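Counting with the numbering used here, you get residues 112 to 406 for the letters of the sequence shown. All C-beta atoms, glycine included, are put in the ideal place defined by N, C-alpha and C. Just so you know, these numbers come straight off a predicted model, no measurement behind them.
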Amino acid sequence: VLGAIVGGTSSPIVIPLAYRLKNLQEKTKMVSSIESILTDPLCIVVVFAIYYMVFTVGELNLLLGIGNLVKTFSVGIVLGITFGLIWLFIMNRIRREQFSYIITLAVVFLVYSFTALIVGTSEGGEGAGAIACLMFGLVLGNGKKILKMVNYQGKGFEMDEETKQFHSLTSFVIRTFFFVYLGMIVSFQSINFILIGIIILLALLLVRYFAVYLSTYKGTFENDDKQTMTVMMPRGLAAAILAISFTPLILGIGRIGSDGAIVIPGYNLGAEMQGLFMDVAFVIILGTAIITTVG
């Protein structure tokens, strides 16, 4: 679970940084961007799948886990694209209305909630909701190209600047809140957690070095591009949220229902051990940010 939490790179950091580096080849920027876009929702889905197997079903069944992953991805992708295409045409009609971007934000929450309800919250519905929101955003952000691909003859849709600015502002506020909150609740009660975080950080860097050079062995990537791809490994909002959310669920007493009863029991470890995920995640988030900046 901890590996899945810290396994993905952060697209809000990687994409702007990659396209600001003028010495990078375009294909390097594209590979880095696609990797960061895919890994965040993949990490969320994998964490929910593991949690579903271990704590809901009660056994680590590989076939059950793969089936849950396929179900989560397929439902999330289908519903996200469907809602995105529907809202594409609705948004094109109401885009001139004042504060229309607020309605789009409300629809995003609706897409997330509806998808999670369809899949089931105990079966990784939250992960499916994240996938659906990703596909919903991809459809809206590339609406003009998508309509052109399907030979749509009507007026094309393109995201207006007001919506883009509102999205950037909302993303900034959410990221800031969760990182500040993570910093407030990190306790560093044990030096062992810091050491574990540093060891995992070095292991991530080593594995990424070999992964980059093996995957680009027969390609036409320059050495500078390979080095940049190696250090372009910042962890961000997804790692912070997963560490905050799953610490009490897995290491604490578990998920508590509305009536106060324990619905899904956790490991119920001591207070000191319950800081494991958050402390290690904090070290890795900070360490990868430093590596990316220095590299």
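In the structure shown, residue 338 falls within a helical segment according to DSSP collapsed to helix, strand and coil. In this structure, residue 164 lies near residue 175, with their beta-carbon atoms less than 8 Å apart. With distances taken between CA atoms, residue 351 lies nearest to 395 out of 395, 157, 330. If you look at residue 202, you'll find it in the alpha helix (DSSP H) that goes 173-205. Looking at the backbone, the Cα of residue 252 and that of residue 242 are separated by about 15 Å.
Here residue 139 is not near residue 120, since their CB atoms are 8 Å or more apart.
Residue 389 and residue 203 have their alpha carbons spaced roughly 42 Å apart. Straight through space, the alpha carbons of residue 226 and residue 334 are spaced by roughly 43 Å. In the three-state DSSP reduction, residue 131 falls in the helix class (H, G or I). Bounds of the alpha helix (DSSP H) holding residue 140 are 137-162. The alpha carbon of residue 338 has as its nearest neighbour, out of 346, 327, 348, 347, the alpha carbon of 327. Straight-line measurement puts the Cα of residue 260 at about 43 Å from the Cα of residue 293. Going by C-alpha positions, residue 194 is about 15 Å away from residue 228.
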